[in-house]
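Structure record follows, encoded as structure tokens.
Protein chains: 2
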Amino acid sequence: MVTKEKKMPSEDLAYAGILKLIYERKFSPGDFLQEEYLSHILGMSRTPINRALSKMNIEGLLERKKKKGCFIPVVTLRDGRKLFTLRAMIEGQVAWEAAQSCTSPLMDRLCEINRQDQKALKDRDDGRYYMANRDFHFLLAESANNRYLERVSKQLFHQASIYIFFYDSFYTSTKKSAIYTPEQHEVILQCIKDRNADAARVAMEEHIIHTMKMFGSVD
Amino acid sequence: MVTKEKKMPSEDLAYAGILKLIYERKFSPGDFLQEEYLSHILGMSRTPINRALSKMNIEGLLERKKKKGCFIPVVTLRDGRKLFTLRAMIEGQVAWEAAQSCTSPLMDRLCEINRQDQKALKDRDDGRYYMANRDFHFLLAESANNRYLERVSKQLFHQASIYIFFYDSFYTSTKKSAIYTPEQHEVILQCIKDRNADAARVAMEEHIIHTMKMFGSVD
DNA sequence: CCATGCATATATGCATACATAAAAGAATGG
DNA sequence: CCATTCTTTTATGTATGCATATATGCATGG
Numbered sequence: 068m069v070t071k072e073k074k075m076p077s078e079d080l081a082y083a084g085i086l087k088l089i090y091e092r093k094f095s096p097g098d099f100l101q102e103e104y105l106s107h108i109l110g111m112s113r114t115p116i117n118r119a120l121s122k123m124n125i126e127g128l129l130e131r132k133k134k135k136g137c138f139i140p141v142v143t144l145r146d147g148r149k150l151f152t153l154r155a156m157i158e159g160q161v162a163w164e165a166a167q168s169c170t171s172p173l174m175d176r177l178c179e180i181n182r183q184d185q186k187a188l189k190d191r192d193d194g195r196y197y198m199a200n201r202d203f204h205f206l207l208a209e210s211a212n213n214r215y216l217e218r219v220s221k222q223l224f225h226q227a228s229i230y231i232f233f234y235d236s237f238y239t240s241t242k243k244s245a246i247y248t249p250e251q252h253e254v255i256l257q258c259i260k261d262r263n264a265d266a267a268r269v270a271m272e273e274h275i276i277h278t279m280k281m282f283g284s285v286d
Numbered sequence: 068m069v070t071k072e073k074k075m076p077s078e079d080l081a082y083a084g085i086l087k088l089i090y091e092r093k094f095s096p097g098d099f100l101q102e103e104y105l106s107h108i109l110g111m112s113r114t115p116i117n118r119a120l121s122k123m124n125i126e127g128l129l130e131r132k133k134k135k136g137c138f139i140p141v142v143t144l145r146d147g148r149k150l151f152t153l154r155a156m157i158e159g160q161v162a163w164e165a166a167q168s169c170t171s172p173l174m175d176r177l178c179e180i181n182r183q184d185q186k187a188l189k190d191r192d193d194g195r196y197y198m199a200n201r202d203f204h205f206l207l208a209e210s211a212n213n214r215y216l217e218r219v220s221k222q223l224f225h226q227a228s229i230y231i232f233f234y235d236s237f238y239t240s241t242k243k244s245a246i247y248t249p250e251q252h253e254v255i256l257q258c259i260k261d262r263n264a265d266a267a268r269v270a271m272e273e274h275i276i277h278t279m280k281m282f283g284s285v286d
């Protein structure tokens, strides 16, 4: 056979599937995610669904009440500002450390991802744009060569997605917040390429705060 | 009946039980934690054990290999320094925010915990000392009134425990690193009481770095 | 004697049945 | 007519049996 499709574990499929449902806006803040329903939709038993939901809960993507189930978090703009302020701090540190330890092949991949980002934005393909943006922040987190910082950075990104998916779309346009993203990413990459760690930190902090202001300015 | 024991969910009992086994040093770095063995020891089925292990894995307390199981992480001093540097940053921020939002009743509880801390240290009761120390950092994390910062702070504390439990005992004495802890906690509390956020941050950063240096100075 | 392939053992991944707790609704008493 | 309590409903929590992937050891061939 030509295709070398490795059979993915059901738990991972469940995680990806539920995440997909969330960012296709099949649920709203406060909505209840029933295990049986999800297991029916995704074509598997409750076990991997439950484990995926647990993971999302611990990562902060979902609220969970004992013996009740999982819910899409109802978040306030005030909380959102706290999250993005923390993200600015953490991802600023990521950029700072990446500027010191990032290798050339990683830089190339980051540039490539940023090109895809730009292309998806041009094509107005929201799904691909989200993926490329996520890939950029995740690969940068990995480039910092610090397992603890990487984990925290990825988790905060996931949590921020809740705001991007819901809040942002209610008050402003996603496109508005995205339109300057690729060029800001470009600036960050240039600082890292120059091994200017302090500048990389500042550029990243500004990028995160800019993203926050897109939905944080409405209350 | 006098005691109002609410029946704890098995998953929580499993989590607490496994954590207890870890900090009673029943396992060493690299050791394999077999689900069936744990379910036998803790007197429950594999299901809650598996869920507790998943939680610990996501929190970074355990390594997990697909279709293999969970292991006590094998960590290096180099990684340890990265972790404690990050903790200094995060808990410094916790202290800073707590200094602005901490209420009087919380302050009283923090002082009370610190007294227990001191007492446990005097009695050379390692278990109670660990619990009191954990309670101090956790309650402070809650005092910051920032759900995201709280989550990150608690997770990093858990991960740091791995170093405290294993590394520290191999090279130095636990008592040595603990002996100045209550008075450092006292300084932090005083800064918070004075609403001096910047001083609270510095005091906390120094406290974390001090803890790190107890085992970070041997390589 | 070493390398490669296969068989077997073992522990996790998954599916399913049942137990249990929380919430909603009905019935009864004030 | 409202409040309280009991019943019923419903979805999660837990236990268990089977499927499956990984690793180990043995056998066989070069």
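These protein sequences, in sequence, are chains X and U.
Final position of the first sequence in the working numbering is 286; the numbers increase by one with none missing.
Final position of the second sequence in the working numbering is 286; the numbers increase by one with none missing.
Note that beta-carbon positions come from the ideal geometry of N, C-alpha and C, so glycine has one too.
Note that the coordinates shown come from a computational prediction; the quantities given were computed from them, not determined experimentally.
Interface residue (Cβ-Cβ distance to chain U less than 8 Å): residue 96/X is not classified as such. Residue pairing of residue 136/U in beta bridges, as defined by DSSP: 132/U. For the 8 Å CB-CB criterion, residue 272/X and residue 199/X do not form a contact.
Under the 8 Å Cβ criterion, the stretch 110-119 of chain X does not count as touching the stretch 200-220 of chain X, having fewer than three qualifying pairs. Shown here for residue 224/U: same chain residues with a beta carbon closer than 6 Å to its own, the five before and five after excluded, namely 204 in chain order. Per DSSP, the continuous alpha helix (DSSP H) segment holding residue 116/U begins and ends at 113-126.
A check of alpha carbon separations from residue 170/X across 259/X, 79/X, 90/X and 74/X identifies 259/X as the nearest.
Counting every other CB atom within 10 Å of its CB across the protein chains shown gives residue 246/X a total below 16, marking it as exposed. A residue is called buried once 16 or more other Cβ atoms fall within 10 Å of its Cβ, and residue 83/U, having fewer, is exposed. In the structure shown, residue 233/U falls within a helical segment according to DSSP collapsed to helix, strand and coil.
Chain U places no beta carbon closer than 8 Å to that of residue 112/X, leaving this residue out of the contacts. Nearest in C-alpha terms to residue 128/X, of all of 87/X, 112/X, 109/X and 158/X, is 87/X. Straight-line spacing of the CA atoms in residue 175/U and residue 149/U works out to 33 Å. Just so you know, the alpha carbons of residue 113/X and residue 268/X end up roughly 43 Å apart.
Chain U places no beta carbon closer than 8 Å to that of residue 257/X, leaving this residue out of the contacts.
Residue environment analysis places residue 141/X among the exposed positions, since fewer than 16 neighbouring C-beta atoms fall within 10 angstroms of its C-beta. Of all C-beta pairs linking the stretch 176-187 of chain U to the stretch 175-190 of chain X, fewer than three are shorter than 8 Å, placing the two stretches out of contact. Ranking 279/U, 278/U, 226/U and 218/U by CA distance to the CA of residue 130/U puts 226/U first.
Assigned with DSSP and collapsed to three states, residue 94/U falls in coil, not helix or strand. Counting only Cβ-Cβ distances below 7 Å, residue 226/U has contacts in chain X at 215, in chain order. Interface annotation, residue 146/X: in contact with chain U, CB-CB separation under 8 Å.
The C-alpha of residue 91/X is placed about 33 Å away from the C-alpha of residue 172/X. Between the alpha carbons of residue 123/X and residue 216/U lies a gap of roughly 17 Å.
Just so you know, the alpha carbons of residue 221/U and residue 139/X end up roughly 22 Å apart.
Its chain contains 212 as the residues whose beta carbon lies nearer than 6 Å to that of residue 168/U, once the 5 sequence neighbours on both sides are disregarded; these appear in chain order. By the CB criterion at 8 Å, residue 151/U and residue 279/U fall inside the cutoff. Taking a beta-carbon distance threshold of 8 Å, residue 150/X counts as an interface residue toward chain U. Looking only at 78/X, 189/X and 193/X, the smallest Cα-Cα distance to residue 133/U is reached by 78/X.
Along the stretch 161-178 of chain U, there is no position whose C-beta sits under 8 Å from a C-beta of chain X. Uninterrupted alpha helix (DSSP H) stretches at least 4 residues long and entirely within the stretch 130-197 of chain U occur at 144-168 and 171-189, given in chain order. Note on residue 145/U: under 16 other CB atoms within 10 angstroms of its CB, so exposed under the neighbour-count rule.
Residue 107/U counts as exposed, since fewer than 16 other C-beta atoms from the protein chains shown sit within 10 angstroms of its C-beta. C-alpha of residue 166/U to C-alpha of residue 263/X: approximately 33 Å in a straight line. Residues of chain U whose Cβ lies closer than 7 Å to the Cβ of residue 218/X are, in chain order, 127. Between residue 80/U and residue 93/X, the alpha-carbon positions lie close to 35 Å from each other. In this structure, 194/X is the residue among 249/X, 194/X, 270/X and 164/X with its C-alpha nearest to the C-alpha of residue 228/X.
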